[in-house]
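Note sheet for the following structure.
In our numbering, the protein residues as written are 2 to 241.
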């Protein structure tokens, strides 16, 4: 372990692929914490990470994943972050409600690139869905959309709602004058209802993915998605 630390002391993290093809399993005294620190900062062979996942219970593993993610965020090593998140989702489906938000929020703030926002944000979304923390915000968003749709027959109301979107200067008036805004928000409302009806993490993720894929020029829809998922304005439609 000391040899590894000395070897990597001057090595710059590599952002697109694993920088060091080292098999850490050949070091019998290395701990899971150290593998995750190394993988987060520099990346290592998949077999090393697989061994950590295979040899630890989920209660311990979730803490090790956070260690790896924290080091990946610090190094802006998106490849390692993605590999950890992709391994975590299937386990979170099996053990819902066991992940904690408290250690993830600082990583969201520290993410230095859109790619890292995607990786850490994906983990964050898994956490809030599996813990049931998205449910209340989702229902509030449905109330907001339903109220807007109920008043949308009025042209004056639609134009007024467009003028209030000062945080979206790119928004155009014509979709509100015509019927496009009504159609978009009605479709969005029905899609959110399907998310609300989901009973598991995987089905919720699938429905949310379909919603995001269908977005083109969202304003209120983007605001509501950010609110529902607890994400800040860095999570544009492109990042989502």
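No residue lacks a Cβ here, since even glycine has one placed at the ideal position from N, Cα and C.
Computed from a prediction, not measured in an experiment: that's the story for all the values here.
Taking residue i as part of the alpha helix (DSSP H), name the residues at either end of that continuous run.
| i | result |
| --- | --- |
| residue 164 | 156 to 164 |
| residue 173 | No alpha helix (DSSP H) holds residue 173; DSSP gives it neither H nor E. |
| residue 57 | Taken as a continuous stretch (DSSP letters only), residue 57 belongs to no alpha helix (DSSP H), as it is neither H nor E. |
| residue 153 | Neither: residue 153 is in no alpha helix (DSSP H) and is coded neither H nor E. |
| residue 83 | 79 to 95 |
| residue 223 | 221 to 230 |
| residue 214 | 202 to 215 |
| residue 128 | 115 to 131 |
Using the beta-carbon count (16 or more within 10 Å), is residue i buried or exposed?
| i | result |
| --- | --- |
| residue 240 | exposed |
| residue 37 | buried |
| residue 219 | buried |
| residue 89 | buried |
| residue 79 | buried |
| residue 50 | buried |
| residue 70 | buried |
| residue 222 | buried |
| residue 33 | buried |
| residue 180 | exposed |
| residue 108 | buried |
| residue 155 | exposed |
| residue 131 | buried |
| residue 81 | buried |
Using three-state DSSP, classify residue i as helix, strand or coil.
| i | result |
| --- | --- |
| residue 185 | helix |
| residue 105 | coil |
| residue 31 | coil |
| residue 190 | helix |
| residue 135 | coil |
| residue 110 | helix |
| residue 72 | helix |
| residue 49 | helix |
| residue 26 | helix |
| residue 41 | helix |
| residue 238 | coil |
| residue 19 | Only weak support is given to the placement of residue 19: the predicted model assigns it a pLDDT of 47, under 50, and the value that follows is read from those uncertain coordinates. Note: residue 19 maps to coil in three-state DSSP. |
| residue 65 | helix |
| residue 143 | helix |
| residue 197 | helix |
Name the residue from the options whose alpha carbon lies nearest to the alpha carbon of residue i.
| i | options | result |
| --- | --- | --- |
| residue 205 | 56, 229, 67 | 229 |
| residue 45 | 117, 73, 198 | 73 |
| residue 84 | 138, 135, 124, 133 | 124 |
| residue 135 | 25, 28, 81, 199 | 199 |
| residue 60 | 166, 92, 194, 190 | 92 |
Taking 8 Å as the CB-CB limit, is residue i close to chain B?
| i | result |
| --- | --- |
| residue 198 | Looking at the structure shown, chain B is missing, and only one protein chain is on hand. |
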